[in-house]
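Reviewing the structure listed below.
Residue numbers (my numbering), protein chains in the order written: chain A, 808 to 1509; chain B, 808 to 1509.
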């Protein structure tokens, strides 16, 4: 199936772009729906509770809040626990692992998509300290995977054109576009989305993909823009504020001199330290959580979410009492305190004409909290005490929430925590040298957000561009870059990013881009372990079945024996999945001699060997053969990949790894440099490579 | 030299960042110097000439302009013709080719840097229709190359730490950072610079490089910012306008609806068509130019530049007479007509209180032309006639100028041409539906610039971000993306981008990222051509010298012969450069038998085999051996790469190419699948692969 006509190539290209188009459209619509649901549910919830608080019906307010939050969080956790456990967490590590070649079951299944979308509405609207950003990336990747396989096989939706798309690379590319679309949908940042996919998510990047990802994110922003325009007349309830640039502070002048360097560097250092501390503590907590979930049933997950939800609600109701009542500023356009919608100033228990600054942070939807913290020209809106309390709460809740079995994103919690101390730094600067420093507190808050994002997630260019597209303030770019460089450097000195840590904690065999120093001291031969399992080019059916049952290898070397000279030649490599197709097709030979007139290739079409979509696929237990069939032979010649990539056994592991990782291989044949009677020594695979320590040698399949 | 201590690794990492730091600083300073020189020279020139025009001394004005332009252009062309021919053109194709592995002489030599910097000042200030952007990218890459090799060997500047840096990959990475820094310096766009390097320049990208490139561009913008702050009090002559965002139109609101889609799509189509037409015509012109230069001496180059300079000056003086005198608008802050500096309104031959719209475009430095075209709220500043004339002139001059033997960039000419028709489209829209369309003419001009850039250069994300950082208008992003997608698609249907075309016209063996369809139908064996030249593991000096003289291959397979069993083993691959080092070291054996006590590795240090910097290096003619030495033997065992990458001769060329291109190899050994007495069939190299048609099979070295 290497020969395709011109028309087929055109069809293929058209298909690629059509699929990218569909991914963009559907991601945009999904994001819009999620936004609409969250803003309305949690907006009305908070308004109602706020109303009761003002009316002095505190017990009622408290119970309504607790019950609503618990119900929303529970609905999310029940879905995760019983329907799709893969939908827990942010999903970015999983998508990253998938694009690295780890085909974990259910990561991109339709039910995961469903639970992710519904569950993230539940967990965010339910007052847990999570964002919808990570889940959106995962959802968009699921959408891409579903579209790429033409819907789910289980639901009998398929499309014949898609046969060109049944391969790993095209699917991987489409899912990369999906991830970019997800980030774009979350932050309304088309360029940032592409860069995020490039910097954080993908393992293999081609520059043609840059363009397609860009096309997808452009579409997402068009869809979002359309949605926002539609909602701008207030027909979408509480949704609608923000426009295409969520936290627009683009009209603020950024004047900074050398005096700003000190606080900016400090912010970078603080962000780096807090970030790697976060990763460290969260790692311990995650280990505990994983053990808890693995050793107990789904009920434990639900109990877990219940506890976290109750803690969150308790803090939410309890903390605002610590806030002060502050007189409303008189020189602003906004109504103060805001009662009708979530806004800058929350009255809580204060008299009219005053607002509670801590409640303004706590009793708000995430987006409005960030907007409050980033708001410029509001120098005295918050007091140190309130900011400090809120920061501690936010850091603590983010730590215990990330890892609970609900769809939960980490972006916004991290951004909010960072913005809090950033804003405090700005207030300190203003009090120290009134007049000398011209940078607004809101801008310091942006820098603080950047620093914690850099310290926790260790991205640079993409965070920079995402923040740029969120705030629309280009003049802040140099300072943002500086902060990010510092915080990422400090974080990288100590540990992995939060996402990489999850990949490692889950024990996924993630292949890093770079080789490790120890690999230079090993040759391909050194890491040779278990005995090699090979097949003859014409093999008895019984043997094939036996080997497939006995081992769980994914590929087998096929050896051609020349009985005259008694030499063995490595004919090629055959995949387990192809062997299963052959066994199910039952085109067997009665004797071991090759009959040239009998052409088994006619029975099989290329599409039979195409990689199936998500799901487990066929296993050897699905194949039933009778005794006579077991005695027959199968000719593997036509179905073997006759020119697998090979390396010599004397090659250093580092060089072999470079080939393996660079070409995204799953199997690499190791052949002897000096002929010793048998043409293959082993097969190198990514599995068994201990990811946690990166110190144990690779294992050899067969 | 695989074993390095921890301290050495730290030293290496520190070195990488220090070098990136230096590249950023020096690029920033260079860009600042170039800007300062150009703005002042051409600014004062234009002011003076304008003064004479108004004083009715037309002949004097004309002669001053002609002579100044000619002198400046000639100085540039003399430098190029006699000192560094490699400094001609924009340099982006050459840097791109270098990073693809093409080590063309002098591309990144110190003299090229010198000529590029001085020459680009001459050609831009000399009124040729070129920009300084491409040359800046090339200059920055030269700076990176120079810093990477620790200064030039010829000038005896070197540094022992740099021994860790004498390899292809680190040098390539640093030059990629340099290219990013160059773009950042040209457009003051740190993110755009990184993306440009990623999308257009580099062939192998690692995500760790993203971060380092980002660091470099951040430094460049800090240096530029410092320079601009220093100049803001007017101490730098005419330089200083623009700030860090060159064409700031960020404060303009962007309201667009469906009615804008038609003109925007039209702009995309026009840009695509004009772009690929430009590439086509420019290709013809370049072919003619190249023939002209190759068949004649340097004098022809100087004559060539003289003619182009005279044509440019004639158009510059002649065309403004066709412009109309327009009353100065009264509702603006700016002085009109501007006389003291280059600005929006040029009086030319008009009475006081009026300005000549065509002269305002022609009698201005490039940056101010773009600023004029992008200017918002100036709906009736230009008439259709003037814009049309200016567009034709700009298109024509760009066509004949790109390819003249001076440092010349294409970015600004293309941007200006595009902005012209973009602005016209905006004016049409305004006249058609006053009130319906809210988009300003200046924004249409930006979209026009995007469309022509996309059509000619075929980049997407990087142009988008560069335009964003140039104009600081995030709201325009979705429209810019749309325009770029359309224009690039249309352009790609017909031909290569302008940069790729030059790579092809120069016949450089550029390795594309993707495989060509025909490669699937060939095996590695099929493209096997000329006879194989191998060396024995212990080879006579005479043979080595003979082979090095007879062939120009860069690597030779080393065969170990087992004389007992009469079998041959592929011991490894040795590089020509290493053989030359061995011959010059003269550690020969007197007989062919290996003497284990004699260890020739002690004589050589790893640094001896390190890749030298730019320049030709040693050739076989530099090695002088007497007759006795020629009769001796050399043991190649310790110096051979014992585990080269290999492919089987039955592998399809497409798969072999994927390995070759993916791992950035220069040589790939092809070994027989079926043992036929000799362990190697040939070596695959990038040379001889006909780049123009991509249809001729690859050749085999040896």
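The C-beta atom is built at its ideal place from N, Cα and C for all residues, glycine as well.
If I measure Cβ to Cβ from residue i and keep anything under 7 angstroms in the same chain, skipping five residues before and after, which residues do I get?
| i | result |
| --- | --- |
| residue 888 of chain B | 1105, 1108, 1109, 1212 |
| residue 813 of chain B | none |
| residue 886 of chain A | 922, 925, 926 |
Tell me which residues share the same chain as residue i and place their Cβ nearer than 6 angstroms to its Cβ, disregarding the 5 neighbours each side in the sequence.
| i | result |
| --- | --- |
| residue 899 of chain B | 941, 944, 1306 |
| residue 1003 of chain A | 990, 1269 |
| residue 1116 of chain B | 876, 877, 880 |
| residue 890 of chain A | 918, 922 |
Roughly how many angstroms separate the alpha carbons of residue i and residue j, rounded to a whole number?
| i | j | result |
| --- | --- | --- |
| residue 1205 of chain B | residue 1085 of chain B | 9 angstroms |
| residue 1194 of chain B | residue 1229 of chain B | 10 angstroms |
| residue 1443 of chain B | residue 1383 of chain B | 12 angstroms |
| residue 1478 of chain B | residue 1450 of chain A | 12 angstroms |
| residue 1440 of chain B | residue 1466 of chain B | 35 angstroms |
| residue 1082 of chain B | residue 1121 of chain B | 26 angstroms |
| residue 1239 of chain B | residue 1245 of chain B | 12 angstroms |
| residue 1438 of chain B | residue 1488 of chain B | 29 angstroms |
| residue 1290 of chain A | residue 1114 of chain B | 52 angstroms |
| residue 1021 of chain A | residue 1028 of chain A | 11 angstroms |
| residue 1392 of chain A | residue 1431 of chain A | 11 angstroms |
| residue 1341 of chain A | residue 1031 of chain A | 55 angstroms |
| residue 1145 of chain B | residue 983 of chain B | 42 angstroms |
| residue 833 of chain B | residue 920 of chain B | 12 angstroms |
| residue 1077 of chain A | residue 848 of chain B | 47 angstroms |
| residue 856 of chain B | residue 996 of chain B | 33 angstroms |
| residue 1272 of chain A | residue 1365 of chain A | 50 angstroms |
| residue 1064 of chain A | residue 1257 of chain A | 20 angstroms |
| residue 1033 of chain A | residue 1282 of chain A | 28 angstroms |
| residue 1231 of chain B | residue 1052 of chain A | 29 angstroms |
| residue 1041 of chain B | residue 1035 of chain B | 10 angstroms |
| residue 1457 of chain B | residue 1332 of chain B | 6 angstroms |
| residue 1480 of chain A | residue 1368 of chain A | 19 angstroms |
| residue 1380 of chain A | residue 931 of chain A | 49 angstroms |
Measuring only from the beta carbon, is residue i closer than 6 angstroms to any heavy atom that is part of the ligand COA?
| i | result |
| --- | --- |
| residue 1007 of chain B | Absence of the ligand COA is noted for the structure shown, with no ligands found whatsoever. |
Listing by chain order, which chain B residues have their CB less than 9 angstroms from the CB of residue i?
| i | result |
| --- | --- |
| residue 987 of chain A | Those within 9 angstroms of residue 987 of chain A in chain B number zero; the least Cβ separation is about 11 angstroms. |
Residues of chain B with CB closer than 7 angstroms to the CB of residue i, please, in chain order.
| i | result |
| --- | --- |
| residue 1452 of chain A | 1466 |
Can you name the residues of chain B whose CB is closer than 8 angstroms to the CB of residue i?
| i | result |
| --- | --- |
| residue 1128 of chain A | Correct list: empty, because the minimum Cβ distance to chain B is about 40 angstroms. |
| residue 850 of chain A | Simply none; closest approach about 26 angstroms. |
Grab me the residues of residue i's own chain with a C-beta within less than 8 angstroms of its C-beta, minus the 5 sequence neighbours each way, in chain order.
| i | result |
| --- | --- |
| residue 1395 of chain A | 1348, 1436, 1439, 1440, 1441 |
| residue 963 of chain B | The predicted position of residue 963 of chain B is uncertain, since its pLDDT is 43 and thus under 50; no value can be drawn from it. |
So which residues on chain A does residue i lean against when the C-beta distance must stay under 8 angstroms?
| i | result |
| --- | --- |
| residue 1320 of chain B | 1013, 1014, 1015 |
For a contact meaning CB atoms closer than 9 angstroms, what does residue i contact in chain A?
| i | result |
| --- | --- |
| residue 1449 of chain B | 1455, 1457, 1458, 1480 |
| residue 1052 of chain B | 1281, 1282 |
| residue 1376 of chain B | 1480, 1481, 1482 |
Residues from the stretch 1456-1480 of chain B in contact with chain A, defined by Cβ distance under 8 angstroms: 1457, 1458, 1459, 1462, 1465, 1466, 1469, 1470, 1480
Positions along the stretch 1014-1047 of chain B whose CB lies within less than 9 angstroms of some CB in chain A: 1014, 1015, 1017, 1018, 1020, 1021, 1022, 1024, 1025, 1028, 1029, 1032, 1036
Residues of the stretch 1260-1293 of chain A whose Cβ lies closer than 8 angstroms to any Cβ of chain B, in chain order: Contact annotation: in the stretch 1260-1293 of chain A, residues whose CB is within less than 8 angstroms of a CB in chain B are 1267, 1268, 1271, 1272, 1275, 1276, 1279, 1281, 1282, 1284, 1285, 1288, 1289, 1292.
Near-chain A residues of the stretch 1065-1078 of chain B - C-beta to any C-beta below 7 angstroms: none
Chain A contacts from the stretch 988-1009 of chain B (Cβ-Cβ distance under 7 angstroms): 997, 998, 1001, 1006
Under 9 angstroms (Cβ pairs) to chain A, residues found in the stretch 916-950 of chain B: Taking 9 angstroms as the cut-off between beta carbons, none of the residues of the stretch 916-950 of chain B comes near chain A.
Uninterrupted alpha helix (DSSP H) stretches inside the stretch 1002-1063 of chain B (no shorter than 4 residues): 1014-1038
Whole runs of the alpha helix (DSSP H) within the stretch 1211-1258 of chain A, excluding any shorter than 4 residues: 1218-1239
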